[in-house]
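Mapped onto the numbering used here, the consecutive letters of the sequence shown carry residue numbers 6 to 108. Don't be surprised by glycine CBs; every beta carbon is placed ideally from N, CA and C.
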Amino acid sequence: IILEKMYSTLQRIFHGFIQEFIYHKNPLFDNKLIFYCLLKTEGDIMIEIGDYDKALQAYKTLRNYCRHWGEAFLEQEMWMTEQIGMTYRSIRMYKRAVDYFKC
6 IILEKMYSTL QRIFHGFIQE FIYHKNPLFD NKLIFYCLLK TEGDIMIEIG
56 DYDKALQAYK TLRNYCRHWG EAFLEQEMWM TEQIGMTYRS IRMYKRAVDY
106 FKC
C-alpha cells in the first residue's frame, strides 16, 4: 500500500514534469539527465509493485527520448533496451524479450 501511494504521488509529480519538459516552461530540463532519472525511476517503481505494463511504457518512452537526444545518450538507450527485455523476461514473454536483447 505504501508503494502504491508513493507511486501515485510520484506519478502526479512526474506527469507535471513531462508537461514542463514538452512545453519548455522549466529550465530544469535543460539537463536531460534529470529527466532520464525521473522516467527510469518511474519504470523501476512499476517493476517493484508488479505493474509491468506501466514499467514497459516508461522504459519505451525513455528509450525513444534517448534516441531523439542523439549519440550522447546512446549508452542510456542501450540500458533502456535491456530493461525492456528484462521486463518481458519477467512476465515470461520470451520471444519479445529476445528481440530486445538482440538490439
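Short Cβ contact (8 Å threshold) for residue i with residue j
i     : j     : result
Tyr64 : Thr92 : yes
Gln62 : Cys71 : no
Trp74 : Lys37 : yes
Tyr57 : Ser95 : yes
Boundaries of the alpha helix (DSSP H) in which residue i is found, first to last residue
i     : result
Met83 : 79 to 95
Asp58 : 57 to 74
Met51 : 37 to 54
Beta-carbon separation (whole angstroms), residue i vs residue j, contact threshold 8 Å
i     : j     : result
Leu44 : Thr66 : 6 Å
Closer than 7 Å: residue i CB and nearest the ligand SAM heavy atom
i     : result
Gly48 : This structure does not include the ligand SAM; it has no bound ligands of any sort.
Cα-Cα separation between residue i and residue j, rounded to whole angstroms
i     : j     : result
Glu87 : Ala60 : 13 Å
Phe78 : Leu15 : 24 Å
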